[in-house]
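J.:
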Amino acid sequence: MDILTQISDTLIGGDDEKVARITRQAIDQGIPAKDILDIGLIGGMNTVGERFKVHEIFLPEVLLSARAMHAGMDELKPLLIRDGIPSRGRVIIGSVQGDLHDIGKNLVGIMLKGAGFEVIDLGNDVAPESFVETATRENAVIIGMSALLTTTMPMMGSVVNLVREQGLGDRLKTIIGGAPVSEEYARQIGADAYGFDAANAVDRVKGIIGVN
Amino acid sequence: MTETITFSTEEAAPDRNAVFEGQGIPAGVGVTQDIEDLYNTALDVLSDSAAPVAMFAEISKVDFALVYRGEGFNEPSTPVKDISARAEQLALFALTLGKSISEIITERFEAGDFAVASMLDSAASAAADRLAGIVEKRLIELLVSKGLATPSTTVLGYSPGYCGWHMSGQEKLLDFLQPGRIGISLTESFLMQPLKSISGVLVAGPADIHRFANSYPVCALCDTQSCRKRIRALPET
Numbered sequence: 000m001d002i003l004t005q006i007s008d009t010l011i012g013g014d015d016e017k018v019a020r021i022t023r024q025a026i027d028q029g030i031p032a033k034d035i036l037d038i039g040l041i042g043g044m045n046t047v048g049e050r051f052k053v054h055e056i057f058l059p060e061v062l063l064s065a066r067a068m069h070a071g072m073d074e075l076k077p078l079l080i081r082d083g084i085p086s087r088g089r090v091i092i093g094s095v096q097g098d099l100h101d102i103g104k105n106l107v108g109i110m111l112k113g114a115g116f117e118v119i120d121l122g123n124d125v126a127p128e129s130f131v132e133t134a135t136r137e138n139a140v141i142i143g144m145s146a147l148l149t150t151t152m153p154m155m156g157s158v159v160n161l162v163r164e165q166g167l168g169d170r171l172k173t174i175i176g177g178a179p180v181s182e183e184y185a186r187q188i189g190a191d192a193y194g195f196d197a198a199n200a201v202d203r204v205k206g207i208i209g210v211n
Numbered sequence: 000m001t002e003t004i005t006f007s008t009e010e011a012a013p014d015r016n017a018v019f020e021g022q023g024i025p026a027g028v029g030v031t032q033d034i035e036d037l038y039n040t041a042l043d044v045l046s047d048s049a050a051p052v053a054m055f056a057e058i059s060k061v062d063f064a065l066v067y068r069g070e071g072f073n074e075p076s077t078p079v080k081d082i083s084a085r086a087e088q089l090a091l092f093a094l095t096l097g098k099s100i101s102e103i104i105t106e107r108f109e110a111g112d113f114a115v116a117s118m119l120d121s122a123a124s125a126a127a128d129r130l131a132g133i134v135e136k137r138l139i140e141l142l143v144s145k146g147l148a149t150p151s152t153t154v155l156g157y158s159p160g161y162c163g164w165h166m167s168g169q170e171k172l173l174d175f176l177q178p179g180r181i182g183i184s185l186t187e188s189f190l191m192q193p194l195k196s197i198s199g200v201l202v203a204g205p206a207d208i209h210r211f212a213n214s215y216p217v218c219a220l221c222d223t224q225s226c227r228k229r230i231r232a233l234p235e236t
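Protein chains in written order, with numbering that gives the first Met the number 0: chain Y, 0 to 211; chain L, 0 to 236.
Here it is in structure tokens:
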């Protein structure tokens with residue numbers, strides 16, 4: 000079995016220490032960093048994602064694989080920086096102002112990283128200006144917002160309006176999610192997408208950016 | 000009448016199916032050893048770190064009507080409004096698992112221990128729900144001891160943020176209840192802290208008062224329809 004398949008299979012199995020070890024071996028063997036990333040790590044997470052969608056595996060297994068992905072990325076990151084290999088895109092995420100729930104947002108961040116995106120997590124209780132200023136400064140392509148309260152949902156609209164008012168709508172897209180949120184609400188406030196769960200959010204982000 | 004309730008470790012243990020449901024695992028599905036290990040780890044951490052406590056306080060229908068009205072953002076027609084009007088007794092309640100468990104969940108996520116953090120979050124939510132059921136039973140016991148209930152009395156809890164009772168209703172509810180004594184506070188966006196906390200009204204009366212058709216306007220927006228399960232579990236009258 001070639002080493003990239005070993006990385007992918009081991010990641011699917013959720014063994015983070017072994018993924019880190021095999022990733023180091025692949026690096027030592029001179030395998031290009033981009034191949035390790037795309038075929039070994041992201042390839043493995045893509046398989047995990049597909050199995051999750053058809054209910055072959057469940058959230059805990061996805062998260063074990065995500066930890067394994069992160070372990071592999073920790074080994075690979077210096078080479079990715081050295082070789083100037085870009086991420087699939089930079090995504091800003093956060094729970095909107097007034098909201099302190101972060102589980103859903105955390106899961107989206109984990110899965111976006113697993114899919115090869117660079118994620119800047121602003122945490123909880125994030126003011127609209129912080130989302131937009133950070134996205135502008137970091138050349139992000141997506142702002143992802145989470146809200147778990149009906150009382151904080153309106154802040155999503157504030158972010159979307161701010162993006163529009165600053166003329167950033169062409170290059171900066173918005174995606175929203177959370178228990179009280181819906182596709183209809185996303186349309187109502189002018190958000191570009193809605194993710195009904197973390198895996199769906201990743202698919203929607205990929206769709207916005209135009210990657211598989 | 001105000002009561003503070005503490006719980007045993009056994010009482011605070013969550014229902015396994017409820018924990019797995021929170022992880023998207025349907026009941027009855029076989030799980031891997033990895034998932035079993037995560038579940039057991041979450042239970043151990045929960046047992047060590049949760050500090051569950053609850054309180055309830057009797058409230059008159061007149062006072063509850065003021066609490067329920069809140070900031071005026073409720074849906075015009077709601078199950079809680081109709082059910083509470085038919086109640087024999089009402090009590091406001093709040094319960095919490097304490098702040099340590101929420102802090103540990105955050106720490107585990109930040110440490111990259113995603114699967115444990117997520118399972119622990121589901122376990123804590125399931126534990127809080129189970130404790131709410133125990134609080135309902137404790138109110139029945141109290142009412143029976145005071146001669147204010149019969150064996151057919153049923154108590155169910157209803158919370159702001161559900162079924163058309165606006166989230167902001169928590170402000171007046173907590174103003175009346177004063178759950179600061181058990182460590183619960185409310186943010187400006189009506190979010191209870193610690194996060195693993197529940198508040199609401201306990202409605203005591205014959206089982207039939209809790210039965211309602213899911214034909215309120217707000218029901219059309221509900222994804223879970225979890226009321227149906229509760230209603231099916233009511234005793235026949």
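Idealized CB from N, CA, C, for every residue including glycine. Remember, predicted model here, so these are calculated numbers, not experimental data.
(1) Could you please tell me which residues of the region 91-120 of chain L, in chain order, have their CB closer than 8 angstroms to any CB of chain Y?
(2) Just checking my contact of Leu94 (chain L) with Lys171 (chain L) at CB under 8 angstroms: how many whole Å lie between their CB atoms?
(3) Looking only at its chain, what residues have a beta carbon closer than 6 angstroms to the beta carbon of Ala122 (chain L), apart from the 5 residues adjacent to it on each side?
(4) If you draw a straight line from the C-alpha of Lys172 (chain Y) to the C-alpha of Ile142 (chain Y), how long is it?
(5) Could you check where the alpha helix (DSSP H) with Phe51 (chain Y) kicks off and where it finishes?
(6) Under DSSP, the alpha helix (DSSP H) around Gln5 (chain Y) begins and ends at which residues?
(7) If we count Cβ pairs, one from each stretch, closer than 8 angstroms, do we get three or more for the region 75-92 of chain Y versus the region 59-67 of chain Y?
(8) State yes or no: is the beta carbon of Leu42 (chain L) nearer than 8 angstroms to at least one beta carbon in chain Y?
(9) Determine, using beta carbons only, whether Ser188 (chain L) comes closer than 8 angstroms to chain Y.
(10) Any chance the region 182-190 of chain Y sits against the region 104-114 of chain L, with 3 or more Cβ pairs inside 8 angstroms?
(11) For Thr22 (chain Y), report the span of its alpha helix (DSSP H) as first-last.
(12) Along the chain, where does the alpha helix (DSSP H) containing Val61 (chain Y) start, and where does it finish?
(13) Could you tell me which chain L residues have their CB closer than 8 angstroms to the CB of Arg136 (chain Y), listed as they occur along the chain?
(14) Under 9 angstroms between beta-carbons, which chain L residues line up against Ala67 (chain Y)? List them in chain order, please.
(15) How about Gly199 (chain L): is its C-beta nearer than 8 angstroms to some C-beta of chain Y?
(16) Relative to the C-alpha of Pro234 (chain L), which candidate in L:Ser76, L:Gly179, L:Lys145 and L:Ala206 has its C-alpha closest?
(17) Which residue marks the beginning of the beta strand (DSSP E) containing Pro205 (chain L), and which one marks its end?
(18) Name the DSSP bridge partner or partners of Glu117 (chain Y)?
(19) Could you tell me whether the region 71-81 of chain Y touches the region 13-28 of chain Y, using the rule of 3 or more Cβ pairs below 8 angstroms?
(20) Can a CB atom of chain L be found closer than 8 angstroms to the CB of Ile208 (chain Y)?
(21) On the DSSP bridge assignment, give the partners of Gly156 (chain L) in chain order.
(22) With distances taken from CA atoms, which of L:Ala125, L:Lys60, L:Thr3 and L:Leu142 is nearest Phe92 (chain L)?
(23) According to the Cβ coordinates, are Val202 (chain L) and Tyr161 (chain L) closer than 8 angstroms?
(24) Which residues, in chain order, does the region 22-34 of chain L contribute to contact with chain Y at a C-beta distance below 9 angstroms?
(25) Taking Cβ positions only, does Asp298 (chain Y) come closer than 8 angstroms to chain L?
(26) So that I know if they touch, is there some Cβ in chain Y lying closer than 8 angstroms to that of Leu173 (chain L)?
(27) Does the beta-carbon of Leu220 (chain L) have 16 or more other beta-carbons within 10 angstroms, so that it is buried, or is it exposed?
(28) Does Met54 (chain L) get closer than 8 angstroms to chain Y when you measure Cβ to Cβ?
(29) For Asp34 (chain Y) and Ser7 (chain Y), I'd like the C-alpha separation in whole angstroms.
(30) Within a Cβ cutoff of 8 angstroms, which residues of the same chain sit near Thr236 (chain L), ignoring the five residues on either side of it in sequence?
(31) Using a Cβ-Cβ distance cut-off of 8 angstroms, determine whether Gly13 (chain Y) contacts chain L.
(32) For Gly168 (chain Y), which of helix, strand or coil comes out of DSSP?
(33) Would you mind listing the alpha helix (DSSP H) stretches within the region 25-96 of chain L that are 4+ residues and don't spill past its ends, in chain order?
(34) So if DSSP puts Leu185 (chain L) in a beta bridge, which residue, or which two residues, is it bridged to?
(35) The beta strand (DSSP E) spanning Met144 (chain Y) covers which residue range?
(36) For the beta strand (DSSP E) that Thr239 (chain L) lies in, which residues bound it at each end?
T.: Checking against the coordinates, here is how it stands:
(1) Answer set for the region 91-120 of chain L: Ile104, Thr105, Phe108, Gly111, Asp112, Phe113, Ala114, Ala116, Ser117, Met118 and Asp120.
(2) Along the second sequence, one-based indexing puts residue 94 (chain L) at 95. Along the second sequence, one-based indexing puts residue 171 (chain L) at 172. About 18 angstroms separates the Cβ atoms of Leu94 (chain L) and Lys171 (chain L), ruling out a contact at the 8 angstroms cut-off.
(3) On the second sequence, residue 122 (chain L) is found 123 positions in, with the first residue counted as 1. Excluding sequence neighbours, Ala122 (chain L) sits near Pro13, Val18, Ala41 and Leu45.
(4) Position 173 of the first sequence holds residue 172 (chain Y). Position 143 of the first sequence holds residue 142 (chain Y). Taking the straight line from one Cα to the other gives about 6 angstroms.
(5) Indexing the first sequence from 1 puts residue 51 (chain Y) at position 52. Note, Phe51 (chain Y): alpha helix (DSSP H), Gly42 to Lys52.
(6) Residue numbering aside, residue 5 (chain Y) sits at position 6 when the first sequence is read from its first letter. It spans Ile2 to Ile11 - the alpha helix (DSSP H) in which Gln5 (chain Y) sits, taken as one unbroken run.
(7) Cβ pair count under 8 angstroms is below three, so no.
(8) Taking the second sequence and counting its residues from 1, one reaches residue 42 (chain L) at position 43. No - not a single Cβ of chain Y is within 8 angstroms of the one on Leu42 (chain L).
(9) Numbered from its first residue, the second sequence carries residue 188 (chain L) at position 189. Interface flag for Ser188 (chain L) against chain Y is set, since a Cβ pair is found closer than 8 angstroms.
(10) No, the region 182-190 of chain Y is not in contact with the region 104-114 of chain L.
(11) For this step, residue 22 (chain Y) is matched to residue 23 along the first sequence. Per DSSP, Thr22 (chain Y) belongs to the alpha helix (DSSP H) from Asp15 to Asp27.
(12) As a first step, residue 61 (chain Y) is located in the first sequence; it is residue number 62 there, counting from the start. From DSSP, the alpha helix (DSSP H) with Val61 (chain Y) extends over Leu58 to Arg81.
(13) Residue mapping note: residue 136 (chain Y) aligns to position 137 of the first sequence, counting from 1. None at all; the shortest Cβ gap to chain L is about 23 angstroms.
(14) The residue you call residue 67 (chain Y) lines up with position 68 of the first sequence. Listed by position along chain L, the residues whose Cβ is nearer than 9 angstroms to that of Ala67 (chain Y) form an empty set, because the closest Cβ is around 10 angstroms away.
(15) Locating residue 199 (chain L) in the second sequence gives position 200, where the first residue counts as 1. Not closer than 8 angstroms to any Cβ of chain Y, the Cβ of Gly199 (chain L) fails to qualify, so no.
(16) Taking the first residue of the second sequence as position 1, residue 234 (chain L) is located at position 235. Closest option to Pro234 (chain L), Cα to Cα, is L:Ala206.
(17) The count along the second sequence starts at 1 and reaches residue 205 (chain L) at position 206. Taken as a continuous stretch (DSSP letters only), the beta strand (DSSP E) holding Pro205 (chain L) covers Ser196 to Pro205.
(18) Here the question's residue 117 (chain Y) lines up with position 118 in the first sequence. In the DSSP output, where bridge partners are listed per residue, Glu117 (chain Y) has Y:Arg89.
(19) Segments in contact, yes.
(20) Start at 1 with the first residue of the first sequence, and residue 208 (chain Y) comes out as number 209. Not one chain L Cβ lies under 8 angstroms of Ile208 (chain Y).
(21) Mapped onto the second sequence, residue 156 (chain L) falls at position 157. In DSSP, Gly156 (chain L) forms a bridge with L:Leu201.
(22) Counting from 1 along the second sequence, the entry for residue 92 (chain L) is found at position 93. Nearest to Phe92 (chain L) by C-alpha distance, out of L:Ala125, L:Lys60, L:Thr3 and L:Leu142, is L:Thr3.
(23) For the purposes of this step, residue 202 (chain L) is taken as residue 203 along the second sequence, with counting starting at 1. For the purposes of this step, residue 161 (chain L) is taken as residue 162 along the second sequence, with counting starting at 1. Taking 8 angstroms as the Cβ cut-off, Val202 (chain L) and Tyr161 (chain L) do not qualify as a contacting pair.
(24) Hits within the stretch, in order: Gln22, Gly23, Ile24, Pro25, Val28, Val30, Thr31, Asp33 and Ile34.
(25) This structure does not reach residue 298 (chain Y), given that chain Y is present from 0 up to 211, and the question cannot be answered.
(26) Translated into the one-based positions of the second sequence, residue 173 (chain L) becomes position 174. Closer than 8 angstroms: no.
(27) Indexing the second sequence from 1 puts residue 220 (chain L) at position 221. Within 10 angstroms of the beta-carbon of Leu220 (chain L) lie fewer than 16 other beta-carbons, which makes it exposed.
(28) The residue given as residue 54 (chain L) occupies position 55 in the second sequence. Chain Y, which has no Cβ nearer than 8 angstroms to the Cβ of Met54 (chain L), makes this no.
(29) Taking the first sequence and counting its residues from 1, the one referred to as residue 34 (chain Y) is at position 35. Taking the first sequence and counting its residues from 1, the one referred to as residue 7 (chain Y) is at position 8. The alpha-carbon atoms of Asp34 (chain Y) and Ser7 (chain Y) are separated by roughly 11 angstroms.
(30) Position 237 of the second sequence, counted from the start, is the residue given in the question as residue 236 (chain L). Answer for Thr236 (chain L): Ser151, Pro205, Ala206 and Asp207, listed in chain order.
(31) Within the first sequence, the letter at position 14 stands for residue 13 (chain Y). Output row for Gly13 (chain Y): interface = yes.
(32) Numbered from its first residue, the first sequence carries residue 168 (chain Y) at position 169. If DSSP states are grouped into helix, strand and coil, Gly168 (chain Y) belongs with coil.
(33) Entirely contained in the region 25-96 of chain L, the alpha helix (DSSP H) runs reaching 4 residues are, in chain order, 32-48, 60-68 and 78-84.
(34) In the second sequence, counting from the first residue as 1, residue 185 (chain L) sits at position 186. DSSP lists L:Met191 as partners of Leu185 (chain L).
(35) As a position in the first sequence, residue 144 (chain Y) is number 145, starting the count at 1. Note, Met144 (chain Y): beta strand (DSSP E), Ile141 to Ser145.
(36) Since the displayed chain L opens at 0 and closes at 236, residue 239 (chain L) lies outside it and no answer follows.
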